[in-house]
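Under full-length UniProt numbering, the first residue of the sequence shown is numbered 1, with each subsequent residue one higher.
A short worksheet on the structure shown next.
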Amino acid sequence: MDVRDESSVLQMAQDLEGTPIDLLINNAGTFTGSGDMSTTTKDALMMEFEVHAVGPFLVTRSLLPNLKLGAKRNGKNGARVAQLSSIWASIETGSGPYAYAASKAALHMINHRMADEMKRHHIAAILLDPGYVATNLPRSSYEHEAERVVDAMVCIIEKSKMQDTGKFFHFMGHEIPW
């Protein structure tokens with residue numbers, strides 16, 4: 001599925017029609033490499049906004065009926081949506097390349113609105129910062145092994161409650177201001 005292609009997202013939702021979903025993890029990502037104002041293009045901004053903000057919106061919206069079924073099946077435990085974000089999205093603590101940081105910040109506002117709207121259906125929506133993970137995106141000397149990060153994020157998701165909806169967590173467990 002290509003999260004930038006609404007017809008692809010809608011086809012996926014049609015394929016899953018009637019299937020309860022307890023947990024949706026939106027983790028599609030891209031990095032155009034744009035950095036400062038002189039190197040950031042409109043195309044870079046648009047691509048990262050499509051992947052990091054619009055894509056999770058489309059996927060979550062299209063699977064909302066499935067999430068409602070999952071929440072109903074789980075009773076008081078409800079269902080969860082976890083959005084992979086970045087410390088670069090935090091207005092208070094982040095910086096980073098324009099397109100990446102701004103698109104992840106947009107995801108935060110989308111998640112905030114989703115969290116508010118979905119809580120009446122017992123669906124929590126949280127944001128997770130995986131830190132610098134060893135992937136095919138830009139390398140850092142602060143990289144963490146993917147398995148360690150995934151295990152830590154699974155613990156956060158499993159422990160999350162409805163009162164955590166809308167919050168932003170570092171993979172080590174502490175809440176990050178956004």
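Glycine included, C-beta positions come from ideal geometry on N, C-alpha and C.
Just so you know, these numbers come straight off a predicted model, no measurement behind them.
Here Glu175 is exposed. Its C-beta has fewer than 16 other C-beta atoms within 10 Å.
Around the beta carbon of Gln11, fewer than 16 other beta carbons lie within 10 angstroms, which makes this residue exposed.
By the Cβ neighbour-count rule, Lys42 is exposed, with fewer than 16 other Cβ atoms within 10 Å of its own. For Asp129 against Ser95, the beta-carbon gap comes to about 14 angstroms, at or over 8 angstroms, which does not count as contact.
Ranking His112, Glu50, Asp151 by CA distance to the CA of Thr30 puts Glu50 first.
When DSSP states are grouped into helix, strand and coil, Asn66 belongs to the helix group. Gly78 is not a Cβ neighbour of Met153, given a cutoff of 8 angstroms. Contact annotation: Met114 and Val149 have beta-carbon atoms that are not nearer than 8 angstroms. Secondary structure at Arg80: strand, using DSSP grouped into helix, strand and coil. Between the alpha carbons of Val133 and Asp164 lies a distance of about 24 angstroms. Note on geometry: alpha-carbon atoms of Pro56 and Glu145 lie some 24 angstroms from one another.
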